[in-house]
Every structure is written in structure tokens, then in C-alpha cells.
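Peer 1: Can you keep this structure in mind? I'll have questions shortly.
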Amino acid sequence: LRPLITCRTLGTLEILVDGRAPPRELQWKKPVALLLYLAHSPRRARTREHLERLLWPDSTKPAHALSQALHTLRRWGGRDIITPVADQLRLDPAAVDLDTDRFDRLVASEDWAGATELVGGEFLEDFNPRQTAGLDEWMQAERDRWKRKGVDAAVHCVRQLLDAGDPERALRAADRAAALDGHSDAALCAQIRC
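Residues in the sequence shown are numbered from -6 upward in steps of one, following this note's numbering.
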């Protein structure tokens, strides 16, 4: 039976393997960055060349570094967690449980309170793999995107709770939106409504 890797990314990064703390080598930053980047990529796939340039741009042996990261992920996530498909490496969606996927499902079902509860802070807060320009740009774009989505869910949650006559919980949701983005007009308006 394949292990399930659970990743909490909406706030401080937390990784679990079958519900338990991950082994030390699965906490190394480059394998984790590889896993998370593939998990948030279109069709959960990227070319080897793209991954090498993104994660190891200054390395004299980026192919070797990628192979080492893949070995680590396959050791703890199963041999088929990442497989070659044509010229790409593809992450098996069933091998990884992402809070961002749960968030999107909750939003699709209009469970605004559930989605808001998942957001514990900024996307990959305090996660800093050895910096590369491409990875930094990707992380900032994802942080901006998930900040907007988190604020939007919290504002919807405020409306839903106020309509249900629960101003105390609505204010907590509005405060959560403001904590996520202190410059958001929508979050400020939600606080004022409460």
C-alpha cells in the first residue's frame, strides 16, 4: 500500500507521511520544493530540464541533484509517486493530499467557513529553500494567489455568518481576512460590517 504524503501549505509548512511526522530526509528543502512545485503545476507535470533550471540553476550537476531528490521522494512516497511521462516527470495526484486541493473543494461546495479554517497564514510561510530566482518568483506568485483566495473565502464566510445571525463568528472570519492581507479593502469592509 502506497504511503500518503499530506502537505499543509496554507500557513507554516507541515508534512506528514501516513499521518506521522516525516523522516528527516523528507524534510530536506529541495525534495520538498520539488514535491510542492509539481503538486501545484498544470497536470502535476514538468519537464526534467525545467525542474533542473528552476531548482538547481547554479549546479554543475543539476541532473544528479534532481535524481537525488527523486530518490528521496520515491523512498518515502513509493516508487510511482513521480513517474516519467514522455519528456516530463508527473506527480501521482493520489499520492499527495494538499490542503490547497481541500480548500478548492470546500469553495466549490460553498463551505466558506471550512475553507477559511484551512488558511492558517501565508502560502508556505517561513519556507525558504536555498533561494533561486525562479523558485522565489513562483513562491511569490502562489503566495499572492492564495492570499486573494483566502481573503475571498473569509469575506464570503462573513456574509454567510451575518446572514445566519452569528456576528461573533463573522467578526473572527473578518479578522482572519485582515490578518491575511492587511491592505485588503474587502477584509476591512467585512470588519466594518461586523
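Idealized CB from N, CA, C, for every residue including glycine.
With a cut-off of 8 angstroms on the beta carbons, I'd call Leu48 and Leu27 a contact; round off their distance for me.
Peer 2: Sure, about 6 angstroms apart at Cβ, within 8 angstroms.
Peer 1: Asp168 to Arg39, Cα distance in whole Å?
Peer 2: So the alpha carbons of these two residues sit roughly 38 angstroms apart.
Peer 1: Excluding the 5 residues flanking Thr65 on each side, which residues of the same chain have their C-beta closer than 8 angstroms to its C-beta?
Peer 2: So the qualifying residues of the chain are Glu18, Leu19, Trp21 and Pro24.
Peer 1: What residue ranges within the stretch 29 to 77 form continuous beta strand (DSSP E) runs of no fewer than 3 residues, ordered along the chain?
Peer 2: Those beta strand (DSSP E) runs which fall completely within the stretch 29 to 77 and span 3+ residues are 38 to 40.
Peer 1: Using the beta-carbon count (16 or more within 10 Å), is Lys142 buried or exposed?
Peer 2: Buried: at least 16 other Cβ atoms inside 10 Å.
Peer 1: Output yes or no for whether 8 angstroms exceeds the beta carbon distance between Gly71 and Ala88.
Peer 2: Yes, they are a contact pair.
Peer 1: What does a CB cutoff of less than 8 angstroms around Asp90 pick up in its chain, not counting 5 residues either side in sequence?
Peer 2: The answer, listed in chain order, is Leu(-3), Ile(-2), Thr(-1) and Cys0.
Peer 1: Do you know whose CA, among Leu63, Asp94, Asp92 and Val100, lies nearest Leu82's CA?
Peer 2: Checking every option, the nearest Cα to that of Leu82 belongs to Leu63.
Peer 1: For Gly113 versus Gly12, is the C-beta distance shorter than 8 angstroms?
Peer 2: No, the pair does not count as a contact, with Cβ atoms beyond the cut-off.
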